[in-house]
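Remember, the working numbering sits 571 above the position in the sequence shown when you count from 1.
Worksheet: the structure to be examined is printed underneath.
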Amino acid sequence: MGNKKIYDFIIVGQGIAGTVFASSLLNLNKSFVVIDSIKPREMSPSRIALGVYNPLVLKWITKVWNADHQLESLFSFCNFFENHFQTKIHFKQNIYRLLESSLDINNWNAKQSSIKLSRYLSRSLNDLNFTEKKFGQVLNSGWVDVKLMLDVFLGYIQERQIFLNKKIDYKRIIFKDDLIYYDNIICRNIVFCEGCSVYHNPFFKKAKVVPTKGEAIKIHCPNLNLRSVLHTGVLIIPLKDDIYHVGSTYDPNDTSILPTKKAIDKLTNKLSVIKKFPHKIINHLAAHRPSTEDRKPILGPSVNNKNIFIFNGLGSRGILLAPYLSEQLINHIYSNKVIESEISYKRFEL
Ligand SMILES: Cc1cc2nc3c(=O)[nH]c(=O)nc-3n(C[C@H](O)[C@H](O)[C@H](O)COP(=O)(O)OP(=O)(O)OC[C@H]3O[C@@H](n4cnc5c(N)ncnc54)[C@H](O)[C@@H]3O)c2cc1C
């Protein structure tokens, strides 16, 4: 890396937030360096996420905050990424939501007839060949192969030597004349996309991220023959060669990073709600999602320095949120647009 070039950005963290934001910069021809300490054995939530996007909160069948705009941003991000890297990451496969009881079916039908929700709920219900139960399709849902997206992007930044595999040392960041110096890198802005590690960040001390443990498994299940994404209380995504990604648990009280037997029991119980299929667990991973108490992300500049930014609090909806937040941050930086107050970092400083 030459020490004379002035980069537009340093991005700290190459999870969903950092990767989506950096890709958006790439689309705008802005320059950047990414810093992350990637260790093969330490799993970030981004690296184990199922990558499902869902415009509905299925428990209540309500729309996610700003779902229409978030979907629009996600689809346009995926188009850009797939074209630029010539890699398929986006799978438009609607989620089939199990409707266990007649009450569930009535509720689905009632919600479907509301104008606000009809874009997201199928009018007719679906059958699957191995169960009597009915399923409603969540329209405009699907999944992104997040691990592939991260790996492809990492390869790209490594090849161009715009990646440092290190933990950032906050004490070595120097601010001078509107520029930021970090070792031999000079840049105009830093965006911190550190997930739960923001806890150590001295520039965003008040950001309240609540680590929420999630676990997911991959199973080999030759008799399931599923082609759709199912939601039976857990999500089941068909990958290839009879392998399925199944997740996730949600536990804000477990601070350990280890995968647990309890989670396996929970996931496999929910997996077999419709029918028991013999399967073998081939992979089991755990990580902590960066959630917030108000369930809103955290975006925007620090109070004291207008060229340091936070991009965090993606909770359990990282892939749907990140492209929308990237657009907001870019509009803020380059077009002076105000960041929506409910997601702004400022709410922690009041
Ligand atoms: C089991 C499970 C399943 C999930 N399924 C889904 C799903 O289906 N759909 C969905 O949208 N979301 C899902 N999520 C949630 C999703 O994973 C998170 O929303 C998302 O990963 C958050 O991304 P992030 O980039 O903010 O944080 P992270 O993934 O934590 O990335 C932060 C990165 O910053 C780096 N970093 C931190 N501090 C420093 C530092 N000081 N210096 C250098 N680097 C640093 C870390 O190494 C890491 O790579 C799931 C999560 C789990 C645990």
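Glycine is no exception: its CB is placed at the ideal position from the N, C-alpha and C atoms.
With burial defined as no fewer than 16 other Cβ atoms inside 10 Å of the residue's Cβ, what is the status of PHE592: buried or exposed?
Here residue 592 refers to the residue found at position 21 when the sequence shown is read from its first residue. Classification of PHE592: buried, given that the 10 Å Cβ count is 16 or more.
Which of the three DSSP states is assigned to HIS816 in this structure?
If you number the sequence shown from 1, residue 816 lands on position 245. Correct three-state label for HIS816: strand.
Quick one: is TYR624 buried, meaning 16 or more other Cβ sit within 10 Å of its Cβ, or exposed?
On the sequence shown, residue 624 is found 53 positions in, with the first residue counted as 1. So TYR624 ends up on the buried side.
In three-state DSSP terms, what is ASP740?
What you label residue 740 is simply residue 169 of the sequence shown in a count that begins at 1. Coil.
Tell me which residues share the same chain as GLY889 and place their Cβ nearer than 6 Å to its Cβ, disregarding the 5 neighbours each side in the sequence.
Residue numbering aside, residue 889 sits at position 318 when the sequence shown is read from its first letter. Cβ neighbours of GLY889 beyond the five flanking positions: ILE587.
Find the nearest neighbour of PRO782 within the set GLU613, ASN794, GLY884, ASN755, judged by alpha-carbon distance.
Position 211 of the sequence shown, counted from the first residue, corresponds to residue 782. The shortest Cα separation from PRO782 among GLU613, ASN794, GLY884, ASN755 belongs to GLY884.
Quick check on DSSP: helix, strand or coil for CYS792?
Counting from 1 along the sequence shown, the entry for residue 792 is found at position 221. Correct three-state label for CYS792: coil.
Alpha carbon to alpha carbon, how far is ALA858 from GLY766?
Residue mapping note: residue 858 aligns to position 287 of the sequence shown, counting from 1. Residue mapping note: residue 766 aligns to position 195 of the sequence shown, counting from 1. Going by the C-alpha atoms only, they are around 11 Å apart.
For GLN708, which of LEU725, GLY726, TRP679 has the nearest alpha-carbon?
As a first step, residue 708 must be located in the sequence shown, where it is residue number 137. Nearest C-alpha to GLN708: TRP679.
Return yes when at least one heavy atom of ligand 1 lies under 7 Å from the C-beta of TYR578, else no.
Translated into the one-based positions of the sequence shown, residue 578 becomes position 7. No, the beta carbon of TYR578 sits no closer than 7 Å to any heavy atom of ligand 1.
Return helix, strand or coil for ILE735, following the three-state DSSP convention.
Numbered from its first residue, the sequence shown carries residue 735 at position 164. Position check: residue 735 holds Leu in this sequence, whereas Ile was assumed. Three-state result, LEU735: strand.
Nearest CA to the CA of ARG759: which residue from SER827, PHE880, GLY713?
Taking the first residue of the sequence shown as position 1, residue 759 is located at position 188. Of the candidates SER827, PHE880, GLY713, the one whose C-alpha sits nearest the C-alpha of ARG759 is PHE880.
Answer yes or no: the CB of ASP607 versus the heavy atoms of ligand 1, is any distance below 7 Å?
Start at 1 with the first residue of the sequence shown, and residue 607 comes out as number 36. Under cutoff, so the answer is yes.
Where does TRP758 fall in DSSP's three states?
For the purposes of this step, residue 758 is identified with residue 187 of the sequence shown, where counting begins at 1. The residue you asked about is not Trp; residue 758 is Cys in the sequence shown. In this structure, CYS758 counts as strand in the three-state DSSP scheme.
LYS777 and GLU920 look like a contact to me (Cβ under 8 Å); what is the Cβ gap, rounded to whole Å?
Against the sequence shown, residue 777 aligns to sequence position 206. Against the sequence shown, residue 920 aligns to sequence position 349. Contact flag correct, Cβ pair sits at about 6 Å.
Assign HIS556 to buried or exposed, taking buried as 16 or more other Cβ atoms, counted over all protein chains shown, within 10 Å of its Cβ.
Missing from the structure shown is residue 556; the chain here goes from 572 to 921 and no further.
Return the chain-ordered list of same chain residues with a C-beta closer than 6 Å to the C-beta of ARG918, the five sequence neighbours on each side being excluded.
Working through the sequence shown from its first residue, we reach residue 918 at position 347. If we look at ARG918 and ignore the five residues flanking it on each side, it has no Cβ neighbours.
Run through the region 676 to 735 for me and flag every whole alpha helix (DSSP H) of 4 or more residues, listed as ranges in chain order.
You should have 717 to 730.
Nearest-angstrom Cα distance between ILE751 and ILE728?
For the purposes of this step, residue 751 is taken as residue 180 along the sequence shown, with counting starting at 1. For the purposes of this step, residue 728 is taken as residue 157 along the sequence shown, with counting starting at 1. If you take the alpha carbons of ILE751 and ILE728, they lie about 21 Å apart.
Going by other Cβ atoms of all chains shown within 10 Å of its Cβ, with 16 needed for buried, is GLY871 buried or exposed?
Numbered from 1 along the sequence shown, position 300 holds the residue referred to as residue 871. So GLY871 counts as buried.
For ILE901 versus ILE852, is the C-beta spacing smaller than 8 Å?
Residue mapping note: residue 901 aligns to position 330 of the sequence shown, counting from 1. Residue mapping note: residue 852 aligns to position 281 of the sequence shown, counting from 1. The answer is no: Cβ separation not under 8 Å.
When you compare the CB positions of LEU721 and ARG690, do they come within less than 8 Å of one another, or not?
Position 150 of the sequence shown, counted from the start, is the residue given in the question as residue 721. Position 119 of the sequence shown, counted from the start, is the residue given in the question as residue 690. No, the pair does not count as a contact, with Cβ atoms beyond the cut-off.
Sort GLU653, ILE606, LYS682 by Cα distance to LYS630 and report the nearest one.
Within the sequence shown, residue 630 is the residue found at index 59, counting from 1. The option with the nearest alpha carbon to LYS630 is LYS682.
Tell me the rounded alpha-carbon separation between LEU735 and TYR770.
Within the sequence shown, the letter at position 164 stands for residue 735. Within the sequence shown, the letter at position 199 stands for residue 770. So the alpha carbons of these two residues sit roughly 21 Å apart.
Apply the 10 Å Cβ neighbour rule to GLN657 and answer buried if 16 or more other Cβ atoms are within range, or exposed otherwise.
The count along the sequence shown starts at 1 and reaches residue 657 at position 86. Classification for GLN657: exposed.
Report whether the distance from the Cβ of TYR624 to the nearest heavy atom of ligand 1 is below 7 Å.
Looking up residue 624 in the sequence shown gives position 53. Yes; taking the cut-off as 7 Å, the Cβ of TYR624 has a heavy atom of ligand 1 nearer than that.
Answer with yes or no whether the minimum CB distance from SER644 to chain D is below 8 Å.
No chain D is part of this structure, which consists of one protein chain only.
For ligand 1, any of its heavy atoms closer than 7 Å to the Cβ of ILE835?
As a first step, residue 835 is located in the sequence shown; it is residue number 264 there, counting from the start. Not so, every heavy atom of ligand 1 lies at least 7 Å from the Cβ.
ALA593: beta carbon under 7 Å from a heavy atom of ligand 1?
Locating residue 593 in the sequence shown gives position 22, where the first residue counts as 1. Because no heavy atom of ligand 1 lies under 7 Å away, the Cβ of ALA593 does not count as near it: no.
Please report the straight-line C-alpha distance between MET572 and VAL817, rounded to a whole angstrom.
Numbered from 1 along the sequence shown, position 1 holds the residue referred to as residue 572. Numbered from 1 along the sequence shown, position 246 holds the residue referred to as residue 817. Caution is warranted here: a pLDDT of 48 is assigned to MET572, below 50, making its placement in the model unreliable, and the coordinate value is therefore given only provisionally. Approximately 41 Å between the Cα atoms of the pair.
Which residues mark the beginning and the end of the beta strand (DSSP E) in which ILE581 is found?
Sequence index remark: in the sequence shown, residue 581 carries index 10 (1-based). First-last of the beta strand (DSSP E) with ILE581: 577 to 583.
In angstroms with no decimal places, state the Cα-to-Cα distance between LEU797 and ILE577.
Here the question's residue 797 lines up with position 226 in the sequence shown. Here the question's residue 577 lines up with position 6 in the sequence shown. Computed Cα separation, rounded: 51 Å.
State the Cα-Cα distance for the pair PHE603 and GLY584, rounded to the nearest angstrom.
Translated into positions along the sequence shown, residue 603 becomes position 32. Translated into positions along the sequence shown, residue 584 becomes position 13. PHE603 and GLY584: Cα-Cα distance of roughly 12 Å.
Kindly examine ligand 1 and report whether one of its heavy atoms sits closer than 7 Å to the Cβ of VAL817.
Numbered from 1 along the sequence shown, position 246 holds the residue referred to as residue 817. No.
Any idea what DSSP makes of PHE652, helix, strand or coil?
Residue mapping note: residue 652 aligns to position 81 of the sequence shown, counting from 1. DSSP places PHE652 in helix when its eight states are reduced to three.
Along the beta strand (DSSP E) that carries PHE592, what are the first and last residues, could you check?
Working through the sequence shown from its first residue, we reach residue 592 at position 21. Not the beta strand (DSSP E): PHE592 falls in the alpha helix (DSSP H), residues 587 to 598.
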